[in-house]
Amino acid sequence: MSKDQRDKDTTPKRGPRRWWAALRRPSARYSLGGLLAVGLVAGIVLWGGFHTVVEATNTEAFCVSCHEMGDNVYPEYKQTGHYANRTGVRATCSDCHVPDAWGPKMVRKIVASRELWHKALGSIDTPEKFEAKRLELAQRVWDTMERTDSRECRNCHDFEYMDYMDQTDRALRRHQQAEEQGETCISCHKGIAHKLPDMSEVDPSLAPGGLEGEG
Amino acid sequence: MNRTRMNVRACWPGLLLVIVSLMASLAWGEEMESLRGAKPLDAGDLPPQVHRIEEGERYARNYVQQPPLVPHEVERYQIDTRANRCLSCHSWANHRRELAPKVSRTHFQDRDGNDQSNISSRYYFCNQCHVPQADAKPLIDNLFQPLQTLRAE
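As structure tokens, then:
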């Protein structure tokens with residue numbers, strides 16, 4: 001079949017091929033301006049819808065709607081200053097666990113499909129299973145935060161704007177030391193929004209000692 | 001006429017009872033207290049006085065065996081079988097980095113006097129003895145005097 005014959009081929013196509021053909025054919029009926037206007041409006045609506053859905057998955061209610069989060073990490077978080085405090089300024093799940101910038105946020109949302117997979121597998125569907133995995137899960141978050149230089153912490157906490165005169169002596173000294181040596185928030189501030197896992201492997205000096213030689 | 005007098009006489013014991021109970025309630029009403037003290041129902045209780053924890057300068061000890069007080073907040077510190085937040089600064093491994101006092105060597109001994117490789121489980125729960133320092137006055141006046149050998153003043 002030559003090119004000419006193919007272009008003149010007017011036999012009705014079926015299914016996806018018909019749609020594809022319609023997409024490829026230049027419009028003879030609508031003006032370019034009209035098409036652009038419709039495209040613009042449709043784009044705004046679609047983008048807004050997409051954005052709304054993504055933001056809905058960032059809400060606390062969404063996060064704790066599965067019992068793995070609602071029963072394990074959420075009650076612990078409710079005891080901390082990031083949940084409730086004197087001023088009512090708070091950081092909820094996504095403020096710490098989902099990046100703010102668009103690119104990293106999309107990557108995080110795609111990576112989060114793992115969580116759906118493990119929800120289906122029931123990897124942490126009992127408190128015992130969760131406890132057994134707590135160190136691994138925590139370590140993963142710590143590693144991420146070390147890698148990103150605690151980016152999500154710094155959305156609110158900024159060395160630049162810390163009023164050291166308003167801090168206690170030990171906080172002041174330690175924060176200045178951290179700033180000078182380029183330490184990152186998570187290297188010290190672990191276990192501030194959730195309970196720490198069994199730390200005996202991370203830092204054996206945090207666990208009760210045994211007889212020397214036994215560990 | 002006679003009938004009315006009879007009626008009044010019959011009322012006497014009842015009247016007497018009413019008068020006596022009225023007087024009694026007037027006399028005792030002043031001293032009646034509920035468990036929350038003599039307060040009108042619509043007046044709230046004052047919250048108990050909270051002694052602010054004094055950060056910074058360490059309080060001197062009052063007697064030789066006194067566990068030193070903690071010169072900072074320890075609220076919400078996790079001390080359980082999984083981790084001990086105090087030791088993240090005060091363990092022998094971490095105290096140099098944090099410029100914090102290290103836990104006493106005596107805390108490494110188990111109940112048989114054997115030295116352990118780290119703080120012994122019987123000393124593990126720090127806040128059983130060490131509490132944050134606050135300017136809290138004794139609840140009951142007493143004659144206790146701190147040892148002068150332990151204080152610079």
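So the protein sequences, as listed, match chains A and B.
Mapping the first sequence onto UniProt numbering, position 77 (from 1) lands on 77, and the numbers just tick up by one.
Mapping the second sequence onto UniProt numbering, position 144 (from 1) lands on 144, and the numbers just tick up by one.
Even glycine gets a Cβ: it sits at the ideal position worked out from N, Cα and C.
All of these numbers come straight from a predicted model, not from anything done at the bench.
ask   = Mind listing which residues of the stretch 167 to 180 of chain A have their C-beta closer than 8 Å to chain B's C-betas, in chain order?
value = For the stretch 167 to 180 of chain A, which is checked against every Cβ of chain B, the residues closer than 8 Å are 168, 169, 170, 173 and 174.
ask   = So, is residue 90 of chain B buried or exposed, given that buried needs 16 or more other C-beta atoms within 10 angstroms?
value = Locating residue 90 of chain B in the second sequence gives position 90, where the first residue counts as 1. Residue burial is scored here from C-beta neighbours: residue 90 of chain B has at least 16 other C-beta atoms within 10 angstroms and is therefore classed as buried.
ask   = Is there at least one Cβ from chain B nearer than 9 Å to residue 139 of chain A's Cβ?
value = By one-based count along the first sequence, residue 139 of chain A stands at place 139. Not an interface residue.
request  = Could you confirm whether any beta carbon from chain B is found closer than 9 Å to the beta carbon of residue 215 of chain A?
outcome  = Here residue 215 of chain A refers to the residue found at position 215 when the first sequence is read from its first residue. With a pLDDT of only 44 at residue 215 of chain A, under the threshold of 50, the placement of this residue in the model should not be trusted, and no figure is reported.
message = Taking the straight line between their C-alpha atoms, what separation do you get for residue 142 of chain A and residue 33 of chain A?
response = Here residue 142 of chain A refers to the residue found at position 142 when the first sequence is read from its first residue. Here residue 33 of chain A refers to the residue found at position 33 when the first sequence is read from its first residue. Those two C-alpha atoms are separated by around 52 Å.
task = Please classify residue 78 of chain B: does DSSP put it in a helix, a strand, or coil?
result = As a working note, residue 78 of chain B is residue 78 in the second sequence. In the structure shown, residue 78 of chain B falls within a coil segment according to DSSP collapsed to helix, strand and coil.
key: Beta-bridge pairing of residue 115 of chain B - partner residues as DSSP gives them   = Along the second sequence, one-based indexing puts residue 115 of chain B at 115. DSSP lists B/109 as partners of residue 115 of chain B.
message = Taking the alpha-carbon of residue 123 of chain B as reference, which of B/21, B/51, B/79 and B/56 has the nearest alpha-carbon?
response = Stepping through the second sequence from its first residue, residue 123 of chain B is reached at position 123. Comparing Cα-Cα distances from residue 123 of chain B to each of B/21, B/51, B/79 and B/56, the minimum goes to B/79.
key: Segment contact, 8 Å Cβ cut-off, at least three pairs: the stretch 86 to 100 of chain A with the stretch 51 to 62 of chain A   = Touching, yes, given that three or more Cβ pairs across the two stretches are closer than 8 Å.
ask   = Can you tell which of A/78, A/20, A/99 and A/157 has the C-alpha that lies nearest to the C-alpha of residue 147 of chain A?
value = Taking the first residue of the first sequence as position 1, residue 147 of chain A is located at position 147. Answer by Cα proximity: A/99.
task = Taking only beta-carbon positions, decide if residue 56 of chain B is within less than 9 Å of chain A.
result = Here residue 56 of chain B refers to the residue found at position 56 when the second sequence is read from its first residue. It does; some Cβ of chain A falls within 9 Å.
key: residue 26 of chain A, buried or exposed, once every other Cβ within 10 Å from all chains shown has been counted against 16   = For this step, residue 26 of chain A is matched to residue 26 along the first sequence. Classification of residue 26 of chain A: exposed, given that the 10 Å Cβ count is below 16.
task = Could you tell me whether any non-hydrogen atom of the ligand ZN is closer than 8 Å to the CB of residue 68 of chain A?
result = This structure does not include the ligand ZN; it has no bound ligands of any sort.
message = Can you give me the C-alpha to C-alpha distance between residue 109 of chain B and residue 200 of chain A, rounded to a whole angstrom?
response = The residue you call residue 109 of chain B lines up with position 109 of the second sequence. The residue you call residue 200 of chain A lines up with position 200 of the first sequence. Spanning the two alpha carbons is a distance of roughly 19 Å.
request  = Could you please tell me which residues of the stretch 122 to 141 of chain B, in chain order, have their CB closer than 8 Å to any CB of chain A?
outcome  = Against chain A - using a Cβ distance shorter than 8 Å - the residues of the stretch 122 to 141 of chain B are 124.
message = Quick check on the burial criterion: 16 or more other C-beta atoms within 10 angstroms. Buried or exposed for residue 44 of chain A?
response = The sequence position of residue 44 of chain A within the first sequence is 44, counting from 1. So residue 44 of chain A counts as exposed.
task = Starting from the C-beta of residue 150 of chain B, find all residues in its chain whose C-beta is less than 8 Å away, skip the five residues before and the five after it, and write them out in chain order.
result = For the purposes of this step, residue 150 of chain B is taken as the residue at position 150 of the second sequence. So the qualifying residues of the chain are 60, 61, 62, 63 and 64.
ask   = CB-CB under 8 Å to residue 71 of chain A, same chain, minus the five flanking residues each way: which ones, in chain order?
value = Position 71 of the first sequence, counted from the start, is the residue given in the question as residue 71 of chain A. Counting only Cβ-Cβ distances below 8 Å, and skipping sequence neighbours, we find 127.
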